[in-house]
Amino acid sequence: MMSKNNKNKDLDFEKIINTPEFKSLVKRKAAFSRPYVIFFFAVFFSLPILTSYTSILEARAIGWMTWTWVYSFGIFIMVWVLTSIYMNKAKEFDKDVEEILKKNVL
Amino acid sequence: MDILSIAIFVGVIGLTLAITYWAAKQTTTASDFYTAGGSLTGWQNGMAIAGDYLSAASFLGIAGAISLNGFDGFYYSVGWLTAYLVVLFLIAEPLRNLGKYTMADMIGSRFQARKIRGAAALNTITIVLFYMLAQLVGAGALIKLLLGIDYWISVLIVGVMMTVYVLFGGMTATSWVQIIKAILLMAGTIIISFLVLLKFNFNFIGMFDAMRTATPHGEAFLHSGVVYKDPIGLISVLIALVLGTAGLPHILMRFFTVKDAKTARSSVIYAVWIIGIFYVLTIFLGFGAAKFVGADAIVAENAAGNMAAPMLAGVLGGELLESFVAAVAFATILAVVAGLVLSGASAIAHDIYGEIIKKGKVTEKQAVNAARIAALSVSVVSILLALGSEKLNVAFLVSLAFCIAASANVPTILFTIYWKRFNTTGAVASMLTGLIVALVLVAMSPSVVNPVEGAAFFVGNPIFPYTNPAIVSVPAGFLAAIIGTLVSSRGKDEVYYAEVKFKAETGYRELGR
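Residue numbers (this note's numbering), protein chains in the order written: chain E, 63 to 168; chain P, 63 to 575.
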């Protein structure tokens, strides 16, 4: 997304980042990411906490596959699902970024 | 297995050298050398990230750890995969948008002070040397076992190969070596996993049933706690695994090999699928080795279990598969050390020589020459260190490298992008505090001082109880950033935040930068 023009020396970044479009982009990006980041850290660190301080994950889930393994496979699935969600959402933001660049730089 | 093994090894060497020859012809500028001219596609870079990331610690180490310790070995797989969510959600795109060749570029886009670049380069070099030493010593031991040649010759073979790739082919050769390695590694792992499943009659659940009685640990093999009896020690390891990836210089550098943030993003998606599937398959490697090779035989070959995967291949697929898997392990190490040489060289030639000493005023020719000289120096120093370390237990250096990355690099990277008030003092304080706290605590930990003779460098009682200090050093890195920032004055650093924030979000760049 490189800009081809030469006006950059005159760009007032302070002004651009305070435009409503840019502020809204940053805000929506954070609002999107924050819950997921908190969620995946919580899910991840719950694993050692549950295995260390409780024995609930030691119970058998399916045959001798214990809940410890099921929970871990759940983390794998979480990683794949969250990367897909991120990918889809990021495409939306790409459009807003293009708008902002068009308006302020070109 | 000798003739066959040697033939497959020579095949790997020949193929990678041919690539290097081809890559050398396209490597003329500094941008070619460090980033392959930013020409990689999403899937190419995704494969290369997987090839760069899945080191001997992942392939040989996790297979061995699961085979000997059951679920506790699998923590590494879970942690090292989840780490990519941190990379994707917080780091990859702004990093691509702000940086040029190195992590220090990205931090330097906001803070012009040379001491910042110096501290970032110091962290990069420290991480690279530790990580590299672990890989080279492991490679020496591995090839010695597999081909029966002396340790020093083994280290020299790997050392010379990595030097040739980087010196002549730069990032282009390194990337393609990593892509080929990723393909070989996935192929080898899928074949072994298939054979393991075949042995269990494709009964995935039944496999867990069988494991309950297959090892000396009994049912405990299927639970957490065979190794990690202390919760704080376990959480400390997991902090280093999940945060460290986002601060590893050789991984971060890969994001500059694509043309924009969109491609950086898609390369993470490809990498996450490849790496995730690989880590799922580590279960088959580990379970298979425990069941069909047996803990006693694995430990007899290597106390840490590093030979579990090649031994399992031998049991299941005979000499052909064992030789193939040995070559895969060899390619695995080559791809990782080449990436490390390149990121070490970038810190020395681009950050220290180009930006600090020459203040960015270097010609293209000088930049490329400096990069080559730096690559050669990094290679020679690490080969010499590895030659002197045969008898040392260096396996802990990989998790130490992750710990330093998490403690010394990650706080500064995150605050540079997301905290307006953050300033030069905070960044320097954080990078140095993270590094020093991690190093000092490891020096006092059971990895260095251990009551069991031969387990570490010194015999005695460790002052710091946990082998991985991340639980202390990571908060220390973040705290130093916050305190350093708050006690120093609001300078001009905040002015640059607007520019950095705009560029980080949009990928906007001036011409010629």
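All residues carry an ideal CB built from backbone N, CA and C; glycine is no exception.
- Within chain P, the residues whose beta carbon sits less than 8 Å from that of GLU76/E are VAL557, ALA560, listed in sequence order.
- When Cβ-Cβ separations below 8 Å define contact, PHE270/P makes contact with chain E.
- Only those residues of the segment 136-166 of chain P whose C-beta falls short of 9 Å from the nearest C-beta of chain E are listed: PHE136, TYR137, SER139, VAL140, GLY141, LEU143, THR144, TYR146, LEU147, VAL148, LEU150, PHE151, LEU152, GLU155, ASN159.
- For the segment 216-227 of chain P, the set of residues with a beta-carbon nearer than 8 Å to any beta-carbon of chain E is empty.
- At a beta-carbon threshold of 8 Å, the residues of chain P lying near GLY125/E are ILE267, GLY268, PHE270, ASP271, ordered along the chain.
- Within chain E, not a single residue places a beta-carbon under 8 Å from that of GLY280/P; the smallest gap is close to 11 Å.
- Non-local beta-carbon contacts of MET140/E in its own chain, meaning distances under 7 Å to residues more than five positions away in sequence, involve PHE102, VAL105 in chain order.
- Using a Cβ-Cβ cut-off of 9 Å, GLY306/P is close to nothing in chain E; its nearest Cβ partner there is about 14 Å away.
- PRO97/E does not reach chain P, its nearest Cβ partner there being about 11 Å away, counting only Cβ pairs nearer than 9 Å.
- Think of a sphere of 7 Å around the beta carbon of PRO293/P: the chain E residues whose beta carbon falls inside it are PRO110, SER114, TYR115, in chain order.
- Across the set ALA98/P, GLY141/P, ALA118/P, the C-alpha of GLY141/P shows the shortest separation from the C-alpha of PRO110/E.
- At a cut-off of 8 Å between beta carbons, SER86/E makes no contact with chain P.
- Taking LEU314/P as the centre and dropping the five residues before and after it, the same chain places the C-beta of LEU157, MET165 closer than 7 Å to its C-beta, in chain order.
- In this structure, SER298/P sits away from GLY108/P, with a CB-CB distance that is not shorter than 8 Å.
- Runs of the alpha helix (DSSP H) lying entirely within the segment 218-282 of chain P, each at least 4 residues long, are 266-276 in chain order.
- Residue pairing for PHE520/P: DSSP places it in a beta bridge opposite VAL511/P.
- Under the three-state reduction of DSSP output, MET194/P falls in the helix class.
- Bridge partners of VAL320/P according to DSSP: LEU102/P.
- For ALA123/E, there is no enclosing alpha helix (DSSP H); the residue is found in the beta strand (DSSP E) stretching over 122-124.
- Chain E has no Cβ within less than 8 Å of the Cβ of VAL440/P.
- One Cα belongs to THR188/P, the other to ALA470/P, and the distance between them is close to 11 Å.
- For THR144/P, same chain residues with a beta-carbon under 7 Å away, outside a window of 5 residues either side, are VAL304 in chain order.
- Listed along chain E are PHE138, VAL141, TRP142, each with a C-beta nearer than 8 Å to that of GLY338/P.
- The residues PHE526, PRO531, VAL534, SER535, in chain order, have a CB closer than 7 Å to that of LEU503/P in the same chain once the five nearest residues on each side in sequence are set aside.
- Interface criterion not met: the Cβ of ILE147/E is under 8 Å from no Cβ in chain P.
- Listed along chain E, no residue sits closer than 7 Å to PHE95/P by beta-carbon distance, the nearest being about 21 Å off.
- Contact with chain P is absent for THR81/E, since none of that chain's Cβ atoms lies less than 8 Å from the residue's Cβ.
- According to DSSP, MET127/E shares a beta bridge with ILE124/E.
- The C-alpha of ILE162/E lies about 10 Å from the C-alpha of PHE564/P.
- From the listed residues LEU257/P, VAL521/P, LYS421/P, GLY516/P, the smallest Cα separation to ALA175/P is found for LYS421/P.
- Here SER67/P is near SER385/P, since their CB atoms are less than 8 Å apart.
- Rounded to the nearest whole angstrom, the CA to CA distance from VAL217/P to ALA235/P is 21 Å.
- The beta carbon of PHE192/P lies closer than 7 Å to those of LEU459, LEU462, ALA463 in the same chain, with the five residues before and after it left out.
- When only Cα atoms are considered, SER86/E and THR145/E end up about 23 Å apart.
- With distances taken between CA atoms, GLY231/P lies nearest to THR82/P out of VAL430/P, TYR163/P, THR82/P.
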